[in-house]
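Novice:
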């Protein structure tokens, strides 16, 4: 049987994900000084870790070339069409928010608003649900620049602490969605390799539960 | 100069040739053999239909995924996104005086818009069967049996058919004291098997037998034991009747030795209430999505004027072809071919001789179009044709 492949998002969630896999008893040292390797064997060859950019995880899991993936809810909302989102892993907690200049009412006036975002699908769905016509401009880098430069009236972006917003004279106006890391599973894989995947899920649950008690003890 | 696109095919389409084309034809032959063996007759419907034919389509066959065009009177037409609705139209109109039930099959392409650079094809080769005018257990069994035979007949050792029911989810959700937004949320979270979000949403509702049953829905998939687990949590009479029915189908197929091939998923969410009874999907090891999808759709025919029940399924021929090729499919070896060359004055005799040779079933016999033997031989060698027959006063066979 081929090893189960789990794709893990590089970047924001990478470190926490590797900690979690380590807590499941997997040797993740290879992933920490990974060099240029992108597929790493884990756990006696029954599992392979695939390091990928977050949006690509959705693609790989939907095609079934990776059975599972760990990725932020933001990426799922932006990209996903058909996969199972079976677990909220509880880390990488932040929110998708609408932000605009401090003190300014984003909704003021009748002119169509322009919103800059890295997440055009999420932004469009959000304003559609409010029956609002909004110009959406896709920005690849620091989205906060767009209102500062006068291109946009507001932004839809990930907010963790709000520090970047404040430093740039912006403030959060509305929460669009709560975000955190999720475990996603390919639809056919879930059916055809159910035993292996459920075993993985239950180890994952145990590791998460252990993590929570450790945090609780620390606070006590 | 304007950019010209004359050397490429539109995004999401491709030419199919040589080995892939042969593998696809082979799959089509297997399916055709199975369908006609069960008494199904082929029908062909137009490549374009009026949009009105396709209302309330389930899943990604909705109108935003259809290619639209206008006829010369401004009516909206669509490139056929699915074959079941046109066949229902055809059955309820042109075949309405036929002996029931109708057994029809199709082999035609369907067209759906796909995301830019998603690598998905907008054109898919699809085959399927529809059994119209029968709503018995026997009809459901026949369809499941054919679906299994299709996957086995295409040479897949390790296939699964997953059985579910279109009525179960709705039955539990519709009666809940929740608003439509909450109900949509429940359906979404069951569809995604998003246990956490489903439980959070259910926590905000008044607790009842129904909410308790719904909590289990995403997890109710797997083997036959799923039915036992479901029976422990479903209290409603109608839900229990559905479970009993699924159990009876499962047990009959188990008696045929097909029990290992069957899975259950009770968490199937029924878009637009299209399906009215059992639904089933076919999975093949190595494919990340279902290769076969079907179910009972007893309300569709009524839209076209006849209140007939019906059940059917469609097979994604492209996916099966792709998978068989990955598994190293090879064309069943045909009898060795031959190239026939007749010298000047022997053209008629050579054509006649080649025709005689072709009576051997499956034998490919090419006529050489070249003026001399040497060129014919070079061509035969380049194409890997094992024999060159030289037609003159006598026939000389050159084995190459």
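Chains as they are written, first to last, in our numbering: chain P, 49 to 268; chain Z, 1372 to 1771. Glycine included, C-beta positions come from ideal geometry on N, C-alpha and C.
Is there a Cβ from chain Z that is less than 9 Å from the Cβ of residue 135 of chain P?
Specialist: Mapped onto the first chain, residue 135 of chain P falls at position 87. For residue 135 of chain P, the answer is yes, since a Cβ of chain Z falls inside 9 Å of its Cβ.
Novice: Use the C-beta contact count for residue 1395 of chain Z: other C-beta atoms within 10 angstroms, 16 or more gives buried, fewer gives exposed.
Specialist: The count along the second chain starts at 1 and reaches residue 1395 of chain Z at position 24. Residue 1395 of chain Z is buried by the Cβ-count criterion.
Novice: Give me the Cα-Cα distance between residue 1479 of chain Z and residue 1454 of chain Z, rounded to the nearest whole angstrom.
Specialist: For the purposes of this step, residue 1479 of chain Z is identified with residue 108 of the second chain, where counting begins at 1. For the purposes of this step, residue 1454 of chain Z is identified with residue 83 of the second chain, where counting begins at 1. Using only the alpha carbons, I get a separation of about 8 Å.
Novice: Taking a Cβ distance cut-off of 8 Å, strictly less, list which residues of the segment 223-251 of chain P are near chain Z, in chain order.
Specialist: From the segment 223-251 of chain P, only 233, 234, 235, 236, 237, 238, 239, 240, 242 have a Cβ closer than 8 Å to chain Z.
Novice: Keeping to the same chain, check which residues put their C-beta closer than 6 Å to that of residue 1383 of chain Z; ignore five residues upstream and five downstream.
Specialist: Along the second chain, one-based indexing puts residue 1383 of chain Z at 12. These residues qualify, in order along the chain: 1485, 1492, 1493.
Novice: Would you kindly check if the distance between the Cβ of residue 1639 of chain Z and the Cβ of residue 1708 of chain Z is under 9 Å?
Specialist: Counted from its first residue, the second chain places residue 1708 of chain Z at position 337. Counted from its first residue, the second chain places residue 1639 of chain Z at position 268. Cβ atoms of residue 1708 of chain Z and residue 1639 of chain Z: not closer than 9 Å.
Novice: Please state the DSSP three-state secondary structure of residue 1485 of chain Z.
Specialist: For the purposes of this step, residue 1485 of chain Z is identified with residue 114 of the second chain, where counting begins at 1. Three-state DSSP puts residue 1485 of chain Z in coil, outside helix and strand.
Novice: Assuming residue 201 of chain P contacts residue 162 of chain P under a Cβ cut-off of 8 Å, what Cβ separation, rounded to an integer in Å, is found between them?
Specialist: Within the first chain, residue 201 of chain P is the residue found at index 153, counting from 1. Within the first chain, residue 162 of chain P is the residue found at index 114, counting from 1. Yes, residue 201 of chain P and residue 162 of chain P are in contact; Cβ-Cβ is about 5 Å, under 8 Å.
Novice: Could you pull out every residue in the same chain whose Cβ sits closer than 8 Å to the Cβ of residue 263 of chain P, ignoring the five residues on either side in sequence?
Specialist: The residue given as residue 263 of chain P occupies position 215 in the first chain. Caution is warranted here: a pLDDT of 42 is assigned to residue 263 of chain P, below 50, making its placement in the model unreliable, and the coordinate value is therefore given only provisionally. Answer for residue 263 of chain P: no residue qualifies.
Novice: Using the beta-carbon count (16 or more within 10 Å), is residue 1527 of chain Z buried or exposed?
Specialist: Here residue 1527 of chain Z refers to the residue found at position 156 when the second chain is read from its first residue. Buried.
Novice: Closer than 6 Å by C-beta to residue 1659 of chain Z: which residues in its own chain qualify, once you throw out the five before and the five after it? Chain order, please.
Specialist: Residue 1659 of chain Z sits at position 288 when you count from the first residue of the second chain. Taken in chain order, the list of residues that qualify is empty.
Novice: Rounded to whole angstroms, what is the Cα-Cα separation between residue 1595 of chain Z and residue 153 of chain P?
Specialist: By one-based count along the second chain, residue 1595 of chain Z stands at place 224. By one-based count along the first chain, residue 153 of chain P stands at place 105. Near 58 Å, if we compare the C-alpha coordinates of residue 153 of chain P and residue 1595 of chain Z.
Novice: Ignore the nearest five residues each way along the sequence and tell me which others in residue 1459 of chain Z's own chain have a CB closer than 6 Å to its CB.
Specialist: Start at 1 with the first residue of the second chain, and residue 1459 of chain Z comes out as number 88. Taken in chain order, the residues that qualify are 1671, 1672, 1675.
Novice: Between which residues of its own chain and residue 236 of chain P is the CB-CB distance below 8 Å, once the five residues before and five after are set aside?
Specialist: Taking the first residue of the first chain as position 1, residue 236 of chain P is located at position 188. Correct list, in chain order: 112.
Novice: Can you list the residues of chain Z that residue 112 of chain P reaches, using a CB-CB cut of under 9 Å?
Specialist: One-based indexing of the first chain puts residue 112 of chain P at position 64. Chain Z residues near residue 112 of chain P: 1657, 1658, 1659, 1660.
Novice: Just mark residue 1727 of chain Z as buried or exposed, buried being the case when its beta carbon has 16 or more other beta carbons within 10 Å.
Specialist: Position 356 of the second chain, counting from 1, holds the residue named residue 1727 of chain Z. Flag for residue 1727 of chain Z reads exposed.
Novice: In whole angstroms, give me the CA-to-CA distance for residue 123 of chain P and residue 106 of chain P.
Specialist: Counting from 1 along the first chain, the entry for residue 123 of chain P is found at position 75. Counting from 1 along the first chain, the entry for residue 106 of chain P is found at position 58. So the two alpha carbons sit approximately 8 Å from each other.
Novice: Considering only the alpha carbon of each residue, which of P:145, P:137, P:60, P:132 lies closest to residue 254 of chain P?
Specialist: Walking along the first chain from the start, residue 254 of chain P turns up at place 206. It is P:137.
Novice: For residue 224 of chain P, which residues in the same chain have their Cβ closer than 7 Å to its Cβ, ignoring the five residues on either side in sequence?
Specialist: On the first chain, residue 224 of chain P is found 176 positions in, with the first residue counted as 1. Result list for residue 224 of chain P: 144, 145, 146, 170, 174, 204, in chain order.
Novice: Is there a C-beta anywhere in chain B that falls below 9 Å from the one on residue 1531 of chain Z?
Specialist: No chain B is part of this structure, whose protein chains are labelled P and Z.
Novice: Can you check which of these residues, Z:1636, Z:1571, Z:1619, is closest to residue 1589 of chain Z by C-alpha distance?
Specialist: Counting from one through the second chain, the residue named residue 1589 of chain Z turns up at place 218. The option with the nearest alpha carbon to residue 1589 of chain Z is Z:1636.
Novice: Taking the beta carbon of residue 266 of chain P as the centre, do at least 16 other beta carbons fall within 10 Å, making it buried, or is it exposed?
Specialist: Locating residue 266 of chain P in the first chain gives position 218, counting from the first residue. Note that residue 266 of chain P has pLDDT 34, beneath the 50 cutoff, so the model's placement of it is unreliable and no number is given.
Novice: I'd like to know whether the C-beta of residue 1592 of chain Z is nearer than 9 Å to at least one C-beta of chain P.
Specialist: Here the question's residue 1592 of chain Z lines up with position 221 in the second chain. Cβ-Cβ to chain P under 9 Å: yes for residue 1592 of chain Z.
Novice: Buried or exposed for residue 1598 of chain Z, going by 16 or more other Cβ atoms inside 10 Å?
Specialist: As a working mapping, residue 1598 of chain Z is identified with position 227 in the second chain. Classification for residue 1598 of chain Z: buried.
Novice: Taking all protein chains shown into account, decide if residue 1470 of chain Z is buried (16 or more other Cβ within 10 angstroms of its Cβ) or exposed.
Specialist: Counting from one through the second chain, the residue named residue 1470 of chain Z turns up at place 99. Exposed is the call here.
Novice: Is residue 102 of chain P near residue 57 of chain P, with beta carbons less than 9 Å apart?
Specialist: Along the first chain, read from residue 1 onward, the residue named residue 102 of chain P stands at position 54. Along the first chain, read from residue 1 onward, the residue named residue 57 of chain P stands at position 9. Yes; because the gap between Cβ atoms is below 9 Å, this pair is in contact.
Novice: Just checking: is the beta-carbon of residue 257 of chain P within a distance shorter than 9 Å of some beta-carbon in chain Z?
Specialist: For this step, residue 257 of chain P is matched to residue 209 along the first chain. No, residue 257 of chain P lies away from the interface with chain Z (no Cβ there is under 9 Å from its Cβ).
Novice: Kindly list the residues whose CB is nearer than 6 Å to the CB of residue 1763 of chain Z, restricted to its own chain and excluding five residues on each side of it in sequence; keep chain order.
Specialist: The residue labelled residue 1763 of chain Z in the question sits at position 392 within the second chain. Around residue 1763 of chain Z: 1714, 1717.
Novice: Skipping 5 residues on each side, what residues in its chain have a beta carbon closer than 7 Å to that of residue 1466 of chain Z?
Specialist: By one-based count along the second chain, residue 1466 of chain Z stands at place 95. Correct list, in chain order: 1473.
Novice: Quick one: which chain Z residues come within Cβ less than 7 Å of residue 132 of chain P?
Specialist: For this step, residue 132 of chain P is matched to residue 84 along the first chain. The contacting residues are 1563, 1564.
Novice: Can a CB atom of chain Z be found closer than 9 Å to the CB of residue 254 of chain P?
Specialist: Numbered from its first residue, the first chain carries residue 254 of chain P at position 206. No, its Cβ sits nowhere closer than 9 Å to a Cβ of chain Z.
Novice: List the residues of chain P that residue 1646 of chain Z touches, going by C-beta distances under 7 Å, in chain order.
Specialist: As a first step, residue 1646 of chain Z is located in the second chain; it is residue number 275 there, counting from the start. The premise fails here: residue 1646 of chain Z is roughly 17 Å from chain P at the closest Cβ pair, so nothing lies under 7 Å.
Novice: Please report how far the alpha carbon of residue 215 of chain P lies from the alpha carbon of residue 1568 of chain Z, in whole angstroms.
Specialist: On the first chain, residue 215 of chain P is found 167 positions in, with the first residue counted as 1. On the second chain, residue 1568 of chain Z is found 197 positions in, with the first residue counted as 1. Roughly 34 Å between the two C-alpha positions.
Novice: Are the C-beta of residue 65 of chain P and some C-beta of chain Z separated by less than 9 Å?
Specialist: In the first chain, residue 65 of chain P corresponds to position 17, counting from 1. Not closer than 9 Å to any Cβ of chain Z, the Cβ of residue 65 of chain P fails to qualify, so no.
Novice: Measuring CA to CA, which of P:251, P:258, P:257 is closest to residue 74 of chain P?
Specialist: For this step, residue 74 of chain P is matched to residue 26 along the first chain. Minimum Cα distance to residue 74 of chain P is reached at P:251.
Novice: Using a Cβ cut-off of 8 Å, which residues of the segment 1566-1586 of chain Z contact any Cβ in chain P, in chain order?
Specialist: Flagged, chain order: 1566, 1567, 1568.
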